[in-house]
Amino acid sequence: MDIQAALGQRAGVGRYVRELLAHLGAEAGADEISAFYFDFKRTGLDAVPPGVAMRSCRWMPGRLAQAAWKRIGFPPYEWFAGGADLYHFPNFIRPPLGKGRKSVVTIHDVSFLRMPETTEAKNLAWLSAEIHQTARKADAILTDSRFSAREICELLDVPPEKVFPVWLGLPKFGPPPPAEAVAQTRKALGLAKPYLLMVGTIEPRKNIPFLVEIYEALKDFDGDLVLAGGLGWKTGPTLRAISESPRKGGIKLLRHLDDAQLSVLYAGAAAFVFPTRYEGFGFPPLEAMGRGAPVVAARNSSLPE
C-alpha cells in the first residue's frame, strides 16, 4: 500500500490510509502487508501498525519521483517500493508500474470533474491530467459509496464490474468523556452557550455561506455556530460571509483540534449541520451520529447512504 497521504494529511485521505492500514495489518493472516512512502525529510509515521512491514525511500524526494512519472512515466513504482503481488494506491492516482503488475486504486470521489470550480487549481490540474489513465490501467477501483461508483462509471467511462463501493467505517472513539472533561474542554474553547456544529475543511463544496444564512435565520436560537476545521482553498466567499454576518460574534472558527477535543465537540452539539454540496462519503455526519449528536444533512450525493 502506498501510504504517502498518511504523512501529510491528518484528515481525509490521510485518515483513510491510517485506519485501513491498521485494520489490514490486524487481519492479514498469512498474507504479507507492506507499506511504502517517500521520507526524504525523515518525518516518518507516528506509529507503525502491527502486522505491517514498513518500507521507505530516503534518498529521493517524493515530488521528484512524481515529476518524473508525470513527464516520462518512469521509473516504475516498484523500483522504490519493492515487489508485490498487488499494489494498492489509496489516493486517486496510480503511478507507473512494470508490465503485469496488479493494482487497486481508491478514487474517493470525482467532485473535481463534476464541480471543478470548487477544486484547488493545482489539485484540479494534477487529478484531471492523471485520473483517466489511472481508471483505465487499474485492475480494480475502490470507492466510498454507491453514489461515487455511479459517478466514476459515468465520468471516467469505467465498466460497473470494475468499480467496488466500500463504505468507510466509524473510528473507535472510546468511552464518552466524563462531564468534567467536557466542561473543561468547552471552557478552553470558549463555548459557554449551546452551539450548532459543522466539521470540515473550509472550501467551496462545504457550502458554509449557506450555513451562515441558516444561522442568521434561527432568531430563537441563542447560541453559537462552531466551524471546526482548517482553512482550505478559495476561502474568500466563506470568510466574507462570516465577517459580514450580523451574527458574526457567535460564529466560532476552531482549528487544529485533537481527537479528544473533537469528540467533546460532537457530544455537546445541539445539532450537527452539514449542508455540503457534494460528498464522496462524508466522515463528519457519521462521527457525529457515533457521539449521539442529532444530524441535519443535505439530501445530495452520497449522504443519504
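Residue numbering for the sequence shown follows our numbering, beginning at -5 and increasing consecutively. We put the beta carbon where it would ideally sit given N, CA and C, even for glycine. Note that the structure is predicted; figures quoted are calculated from it, not measured.
Buried versus exposed call for residue i [16 or more other C-beta atoms within 10 Å across all chains shown]
i	result
I(-3)	buried
G168	exposed
N117	exposed
A59	buried
A24	exposed
A173	exposed
P84	buried
A119	exposed
F141	buried
Spatially closest choice to residue i from the options, by CA coordinates
i	options	result
T37	R144, C51, G67	C51
N294	L212, R199, F215	R199
L212	G56, Y189, K131, R95	Y189
A292	V258, R285, T270	T270
L256	T179, L233, A134	T179
G45	V220, A62, L14, K64	L14
Beta-carbon proximity list for residue i, same chain, < 6 Å, skipping 5 on both sides
i	result
A310	Nothing can be reported for residue 310, as the shown portion of the chain is limited to -5 through 299.
M48	A29, V42
L18	I27
L149	V104, L107
Residues of its chain near residue i, where Cβ-Cβ distance is below 7 Å and the 5 sequence neighbours each way are ignored
i	result
R241	Y209, E210
G2	G8
K301	One cannot answer for residue 301 here, as it falls past the ends of the chain, which runs -5 to 299.
L91	P70, Y71, E72, Y81, S97
D133	K96, S97, V98
Per DSSP, the bridge partner or partners of residue i
i	result
T100	L136
C51	F32
F83	V99
D218	Y189
V176	Answer by DSSP bridge pairing: none, since V176 is not bridged.
L247	L221
Secondary structure of residue i, DSSP reduced to three states
i	result
F74	helix
A261	helix
F204	helix
I125	helix
I146	helix
V289	strand
Beta-carbon contacts of residue i that lie in its chain and below 8 Å, excluding the five residues immediately before and after
i	result
T137	T100, I101, H102, D103, A143, I146, V157, F158, P159, V160, G274
D33	L1, S50, C51, R52
Check: residue i C-beta below 7 Å from any heavy atom of the ligand FAD
i	result
I202	For the ligand FAD, the structure offers nothing, since it holds no ligand at all.
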